[in-house]
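Note sheet for the following structure.
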Amino acid sequence: MKDKNPEWETAVLENRKAGESSQKQQEKMKIAEKPVTQNGGQPATGVSERRFRQTDLPAHFIERRMRPRINTQQPPPQAPPRLEDYEPIIGKPELDEIRFLARHLRGKTVKMVNSTAVGGGVAEILNRLIPLMSELEIPTRWDVITGGNDFFEVTKGFHNALQGGEYNLTQQIKDIFMAYSEQNRQRMEFAEDLFVIHDPQPVGLVRSKSQKRGKWIWRCHVDLSNPHPGVWDFLKPMVEQYDATVFSAPAFTRQLASPQYLFYPSIDPLSEKNKDLPEEYVNKVCDDFGIDRSRPVITQISRFDRLKDPVGVVESYKLVKKYVDCQLILAGGGATDDPEGAVVLQEVMEAAGDDPDIIILNLPPWSALEINALQRASTVIVQKSLKEGFGLTVTEGLWKEKPVVAGAVGGIPTQIVHKLTGVLVHSVEGSAYQIRYLLTHPEFAVQMGKNGKEHAKENFLITVNLKRWLLLFQVLLGMAKPNAVL
Ligand code: UDP
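Those letters in the sequence shown? Residues 46 to 531, per the numbering used here, in order.
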């Protein structure tokens with residue numbers, strides 16, 4: 046390993062002014078649209094080939110890096126796990142506690158409503174949570190609201206506006222939102238004991254709340270710390286009709302008349318993305334993508350989105366590479382069907398230049414097992430976001446006992462206690478310094494990985510989330526006191 050320049054560490058500007066990097070970022074944002082990559086979104090072969098003209102990498106790595114073996118077939122869905130399957134992970138006492146809490150709720154009915162049955166984190170979590178609740182004899186129904194393109198255009202606009210984006214809210218937009226809200230409300234029945242309405246799209250269903258029966262919860266997965274004032278003023282009176290609201294991080298909330306609860310997002314340790322994998326499978330995936338397991342691997346898994354700062358990751362890697370012989374994997378999706386993603390992928394390719402050790406993978410949406418394997422094959426996991434929701438890739442890295450280096454934004458500081466469960470960074474140079482430190486101090490990296498896994502187990506597993514729902518349901522139905530939840 047090359048690791049020679051002691052001055053470099055002190056020269057690194059970990060505390061470089063945040064303003065400087067955000068200014069740089071804004072400049073990057075202004076980059077004009079560039080042509081979309083061909084070849085199904087994979088980096089163009091010509092570009093890849095140029096990168097391998099002068100390299101002493103063995104031929105099989107070059108071949109796979111130029112033509113990665115990407116799974117083009119969507120695998121059949123997995124059967125959802127049963128509660129007892131979690132026992133080896135969380136232990137019997139924890140499972141008994143869940144069963145005990147559920148006993149009082151047996152026979153109570155729940156309706157969960159969101160805006161999509163497939164795709165996105167909310168659908169992913171509901172797919173797991175609902176069978177577990179039903180197994181606990183709490184019959185839980187999942188309904189999805191419907192609407193025309195005009196409705197989903199409005200709700201997409203709201204989604205961005207609530208996270209601080211510009212928006213021109215007109216009376217016509219409000220009318221579209223309310224008309225579809227009303228249409229869904231008329232179409233659905235509301236006979237359950239508990240209603241959990243996810244995110245802003247179906248928030249208006251609360252007009253069906255009856256004084257006699259049923260408690261209503263609004264589960265907000267969006268960061269509301271800096272919402273567009275007009276959009277928030279429009280939605281807030283609906284939100285305040287709920288009996289409780291649930292947010293994903295303390296920083297994401299707003300002042301509300303209704304009680305608020307904090308539920309971290311969660312991952313399923315038995316899902317394809319997170320379950321244990323045999324080492325042979327991890328090796329196979331590395332072979333398929335031309336990854337050399339004899340040298341350190343730095344990985345960022347993310348959509349090709351500027352807010353995930355993939356170009357910043359390449360720059361950090363290049364600084365590290367001067368001292369430590371390592372590889373960088375940037376794996377993500379979204380570059381095939383999202384024109385913006387294709388532009389960002391192109392920028393990443395340009396930033397990578399002719400370095401054959403930068404492996405860029407545009408993966409299809411059914412790549413959970415491959416992503417799992419890539420995370421497990423990594424020496425350091427990076428999530429150098431400039432803006433973030435909760436940052437589930439960080440949770441996934443922690444769960445896999447990896448040292449994680451991540452931007453101190455959104456929900457990431459909730460997951461990373463600096464230098465204990467991971468490392469928080471604010472700049473290209475800062476992340477380069479931290480990555481290099483971890484690569485050259487493996488004992489520290491191992492300990493941090495262990496701490497990270499414990500932190501994830503305590504706070505961010507689906508079983509923890511399930512327990513919180515059970516407690517909140519008890520509170521709302523008058524079976525437990527609120528401080529049992531918070
Ligand atoms: N992910 C994926 N394929 C990709 C990129 C990301 O399946 O090509 C997954 C990733 O493993 C994580 C989720 O998508 O589970 C991304 O969640 P996160 O909160 O990190 O970011 P978001 O994309 O929601 O902003």
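A virtual CB, placed ideally from N, CA and C, is assigned to each residue, including glycine.
Exposed unless 16 or more other CB atoms sit within 10 angstroms - verdict on residue i
| i | result |
| --- | --- |
| residue 231 | exposed |
| residue 367 | exposed |
| residue 206 | buried |
| residue 520 | buried |
| residue 49 | Low confidence applies to residue 49: its pLDDT is 35, below 50, so where it sits in the model is not reliable enough to give any reading. |
| residue 99 | exposed |
| residue 354 | buried |
| residue 324 | exposed |
| residue 347 | buried |
| residue 418 | buried |
| residue 365 | buried |
| residue 80 | Interpretation of residue 80 is limited by its pLDDT of 32, a score under 50 that renders its predicted location unreliable; the figure taken from the coordinates is listed afterwards. So residue 80 ends up on the exposed side. |
| residue 282 | exposed |
| residue 65 | With a pLDDT of 37 at residue 65, under the threshold of 50, the predicted position of this residue should be treated as unreliable, though the coordinate-derived value follows. Label assigned to residue 65: exposed. |
| residue 243 | buried |
| residue 193 | exposed |
| residue 188 | buried |
| residue 246 | buried |
| residue 402 | buried |
| residue 13 | Residue 13 is absent from the model: the chain starts at 46 and stops at 531. |
| residue 448 | buried |
| residue 278 | exposed |
| residue 103 | exposed |
| residue 250 | buried |
| residue 163 | exposed |
| residue 500 | buried |
| residue 177 | buried |
Residue interval of the beta strand (DSSP E) (run including residue i)
| i | result |
| --- | --- |
| residue 240 | 239-243 |
| residue 115 | Element bounds for residue 115: n/a, residue is neither H nor E. |
| residue 271 | Taken as a continuous stretch (DSSP letters only), residue 271 belongs to no beta strand (DSSP E), as it is neither H nor E. |
| residue 362 | First-last for residue 362: 355-366, but that is the alpha helix (DSSP H), not the beta strand (DSSP E). |
| residue 39 | Residue 39 is absent from the structure shown; the chain starts at 46 and stops at 531. |
| residue 372 | 372-377 |
| residue 124 | That residue, residue 124, is in no beta strand (DSSP E); it is neither H nor E in DSSP. |
| residue 157 | 155-159 |
| residue 407 | 403-407 |
Residue i CB to nearest heavy atom of the ligand UDP below 7 Å
| i | result |
| --- | --- |
| residue 376 | yes |
| residue 435 | yes |
| residue 485 | no |
| residue 348 | yes |
| residue 441 | yes |
| residue 357 | no |
| residue 412 | yes |
| residue 192 | no |
| residue 416 | yes |
| residue 459 | no |
| residue 318 | yes |
| residue 215 | no |
| residue 209 | no |
| residue 154 | no |
| residue 408 | yes |
| residue 438 | yes |
| residue 386 | no |
| residue 249 | no |
| residue 166 | yes |
Minimum C-alpha distance to residue i - residue among the options
| i | options | result |
| --- | --- | --- |
| residue 174 | 524, 315 and 195 | 315 |
| residue 217 | 229, 210, 196 and 392 | 196 |
| residue 415 | 399, 375 and 430 | 375 |
| residue 306 | 516, 468 and 97 | 516 |
| residue 119 | 265, 409 and 319 | 409 |
| residue 146 | 226, 483 and 183 | 183 |
| residue 95 | 104, 111, 103 and 406 | 111 |
| residue 462 | 121, 326 and 498 | 498 |
| residue 454 | 344, 523, 142 and 434 | 434 |
| residue 487 | 326, 424, 525 and 254 | 424 |
| residue 472 | 236, 234, 508 and 428 | 428 |
| residue 274 | 288, 204, 227 and 234 | 204 |
Extent of the continuous alpha helix (DSSP H) run through residue i
| i | result |
| --- | --- |
| residue 330 | 324-334 |
| residue 417 | 413-422 |
| residue 145 | 137-148 |
| residue 597 | For the chain, the structure presents residues 46 to 531; residue 597 sits outside this window and is missing. |
Check: residue i C-beta below 7 Å from any heavy atom of the ligand ADP
| i | result |
| --- | --- |
| residue 467 | Of the ligands this structure carries, namely the ligand UDP, none is the ligand ADP. |
Exercise. Along the chain, which unbroken stretches of the beta strand (DSSP E) at least 3 residues long are found entirely within the region 167-245?
Worked result: 185-189 and 239-243
Exercise. Taking the runs of the alpha helix (DSSP H) that are 4 residues or longer, which of them lie wholly in the region 442-469?
Worked result: 457-460
Exercise. Going along the chain, which unbroken runs of the alpha helix (DSSP H) with 4 or more residues stay wholly within the region 471-517?
Worked result: 473-485 and 487-504
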